[in-house]
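There are 2 protein chains.
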Amino acid sequence: MYRPNHLDVILIGTGNLAYSLAQIFQNHAMINLKGIYSKSPKTLNDFPFEVNPLSELNDDADIIILAVSDNAISEVSTKLTDKKGLVVHCAGGKSIQEIQCPNRGVWYPPISFSKGQIVDFKNCSFCLEATNTQHLLLLQKLSELIGASWNIMDSEKRLKLHTAAVFANNFTNQIWTMTEEYCERNNINFELLHPLIKEGTEKALAMGPKKAQTGPALRNDHETLKRHLELLNSKEANFYRIMTQLIQDTHGTQL
Amino acid sequence: MYRPNHLDVILIGTGNLAYSLAQIFQNHAMINLKGIYSKSPKTLNDFPFEVNPLSELNDDADIIILAVSDNAISEVSTKLTDKKGLVVHCAGGKSIQEIQCPNRGVWYPPISFSKGQIVDFKNCSFCLEATNTQHLLLLQKLSELIGASWNIMDSEKRLKLHTAAVFANNFTNQIWTMTEEYCERNNINFELLHPLIKEGTEKALAMGPKKAQTGPALRNDHETLKRHLELLNSKEANFYRIMTQLIQDTHGTQL
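Protein chains in written order, with our numbering: chain A, 1 to 255; chain B, 256 to 510.
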């Protein structure tokens, strides 16, 4: 059935992004999810949608979304070279050229995905890339239909954003991991720090992180810095010194 | 007027903690704020409460709260040695011994304070320390009256918690500062990363940071790591290598 103004979409992949998108697409009034495909549809205990083998994908759609791992994009796209629809990947760190189809694009949400978590795209701004205006309009429409905003960004800049995202997300998360380890070793309930972490994040976003900085490194409080270092193992102490130096470099504090 | 079950409180200090506490105390049904004092009450343009010079503090109260900077605690407390009330400081990194009064205690909220931000104590668990049960009960009551929870923690453990708080808050904030600098240098709107930062924090708290980790370091994705490093200046690249190594050490990923 032809439905004007609707978007026909095919989804490839069974990871967290595919799962979150399938959840949104399946009951969407304006998006027609024509099918979900995967190279290996048999290993899907916790994916509650019908998945067909990629080899059986004979259909076409306005947009074919590759919600697959970075390294699978190129190979999967070689099986879609006959499609008339726009084939897009969702990877921040991969060029549009990874897609081996004539109608190629990128639809990258700068958010992170973890198993068992449904992603909320509402506050997310998809980074769009395509080779012509018509395709950009399609991706703009898809973003808006799921309540997200969008911006146009080429592959080079997107890789830079992806690099920044590693700092903003993976590296801060590693610090919390180290903090939790330290707390466990010292019999401190890590949850005592939850309000600080939550509030610290909100403050960094509201005021900007540079202005939001506090603490002994910023104040150049030698005595506290020294007493903290005495309570850390050598690896943690080394990291504490590196971070203290970086804070003082940023804020021009005298060591 | 004697009011049973009420707490009489005196506040010393004019910083953000004092400001936030004064806001809560001033109209509280069960807390009687008997006065706010400061060593230097003249420099108070943006502190909308009546402040008296510390030299004029002739009154007493159930609890006298030193909401002053770490380095001022000891000196200010020497002026309060005649008080019958419980004199407490609010510093994570300072021992209960900093207070030179016979009735001493600590009432430490593990949250951070920045100028112009009113603190919400509702989700905060105050760390209490005192020299007898009666004083602990007073601090427990004060915490509960402002809607906070509490836990009992000695000075040694509190300093460890304070050390952990520097990791959890100051160090992560420095990474966001570096991220914002990188974005500005590359003409990327840092706000594109706000949803990732917000969601990453929520995920770390909900799942635990170790389980929430994602990204190229965890996946040992050599190609992406290499391409990211090429987009960083030498200082950032050095830091990127350090964090990558730490993530891989934590998760046992092969380099």
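Idealized CB from N, CA, C, for every residue including glycine.
Please read these numbers as outputs of a predicted model, since none were measured by experiment.
Could you name the residues of chain B that residue 194 of chain A contacts, counting a contact when the two beta carbons are closer than 8 Å? 378, 460
The ligand PLP and residue 28 of chain A: does the residue's C-beta get closer than 8 Å to at least one heavy atom of that ligand? Questions concerning the ligand PLP fall outside what the structure shown contains, since it holds no ligand whatsoever.
Pull up the distance between the alpha-carbon of residue 443 of chain B and that of residue 340 of chain B, whole angstroms please. 55 Å
Please report the distance separating the alpha-carbon of residue 131 of chain A from that of residue 150 of chain A. 16 Å
Pick from B:323, B:303, B:274: whose alpha carbon is nearest that of residue 309 of chain B? B:323
Do you know offhand how far residue 477 of chain B's Cα is from residue 471 of chain B's? One C-alpha to the other measures close to 8 Å.
Is there a Cβ of chain B sitting closer than 9 Å to that of residue 23 of chain A, yes or no? no
By how many angstroms is the C-alpha of residue 95 of chain A removed from the C-alpha of residue 162 of chain A? 12 Å
For residue 276 of chain B, count the other beta carbons within 10 Å of its own beta carbon; 16 or more makes it buried, fewer makes it exposed. Which is it? buried
Tell me which residues of the region 427-438 of chain B have at least one Cβ-Cβ distance to chain A shorter than 9 Å, keeping chain order. 427, 428, 429, 430, 431, 432, 433, 434, 435, 436, 437, 438
Candidates A:182, A:200, A:209: closest to residue 235 of chain A by CA position: A:182
If you draw a straight line from the C-alpha of residue 419 of chain B to the C-alpha of residue 270 of chain B, how long is it? Rounded to whole angstroms, the separation of the alpha carbons of residue 270 of chain B and residue 419 of chain B is 23 Å.
Relative to chain A, which residues along the region 470-486 of chain B have a C-beta separation below 8 Å, given in chain order? 470, 471, 472, 473, 476, 479, 482, 483, 486
Counting only Cβ pairs nearer than 7 Å, list the residues of chain A close to residue 366 of chain B. Listed by position along chain A, the residues whose Cβ is nearer than 7 Å to that of residue 366 of chain B are 195, 196, 199.
Are the Cβ atoms of residue 432 of chain B and residue 250 of chain A separated by less than 9 Å? yes
Measure the CB-CB distance between residue 393 of chain B and residue 318 of chain B and report whether it falls below 9 Å. Cβ distance < 9 Å, so residue 393 of chain B and residue 318 of chain B count as in contact.
Using 8 Å for Cβ pairs, my map puts residue 196 of chain A next to residue 407 of chain B. What's the rounded Cβ distance? Rounded, the Cβ-Cβ distance is 19 Å, inconsistent with contact.
Under the rule that 16 or more other beta-carbon atoms within 10 Å means buried, what is residue 212 of chain A, buried or exposed? buried
Do you know how far the Cα of residue 218 of chain A is from the Cα of residue 314 of chain B? 36 Å
Starting from residue 191 of chain A, trace the alpha helix (DSSP H) in both directions and tell me its first and last residue. It is not in any alpha helix (DSSP H) - residue 191 of chain A carries neither H nor E in the DSSP assignment.
Candidates B:464, B:282, B:454: which alpha carbon is nearest residue 118 of chain A's? Ranking B:464, B:282, B:454 by Cα distance to residue 118 of chain A puts B:454 first.
Counting only beta-carbon atoms, is residue 344 of chain B nearer than 9 Å to chain A? no
Using a Cβ cut-off of 8 Å, pull out every chain B residue sitting near residue 48 of chain A, in sequence order please. Residues of chain B passing the Cβ test: none, with the nearest at roughly 21 Å.
Would you verify that the beta carbon of residue 10 of chain A is, or is not, closer than 9 Å to some beta carbon of chain B? no
Residue 285 of chain B and residue 170 of chain A: beta carbons closer than 9 Å? no
If you check the beta carbons only, do residue 456 of chain B and residue 214 of chain A fall under 9 Å apart? no
Please tell me whether residue 101 of chain A has its Cβ less than 9 Å away from any Cβ of chain B. Taking CB atoms only, residue 101 of chain A has no neighbour in chain B less than 9 Å away.
9 Å is my cut-off, CB to CB: does residue 212 of chain A come that close to chain B? For residue 212 of chain A, a Cβ of chain B is located within less than 9 Å of the residue's own Cβ.
Nearest CA to the CA of residue 399 of chain B: which residue from B:382, B:274, B:412? The shortest Cα separation from residue 399 of chain B among B:382, B:274, B:412 belongs to B:382.
Please list, in chain order, the chain B residues whose beta carbon lies closer than 9 Å to that of residue 137 of chain A. Within chain B, no residue comes near residue 137 of chain A; the closest Cβ sits about 21 Å away, beyond 9 Å.
Name the DSSP bridge partner or partners of residue 89 of chain A? A:66, A:106, per the DSSP bridge assignment.
At which residue ranges does the region 258-317 of chain B contain complete alpha helix (DSSP H) runs of 4 or more residues, listed in the order of the chain? 271-281
From the DSSP output, which residues share a beta bridge with residue 186 of chain A? DSSP output for residue 186 of chain A lists no bridge partner at all.
Given a threshold of 16 other Cβ atoms within 10 Å of its Cβ, counted over all protein chains shown, does residue 377 of chain B qualify as buried or as exposed? exposed
Short check: CB of residue 9 of chain A to CB of residue 33 of chain A, under 9 Å? yes
Kindly provide the ranges of any alpha helix (DSSP H) runs that are 4 or more residues long and lie completely inside the region 376-458 of chain B, ordered along the chain. 388-400, 410-420, 427-440
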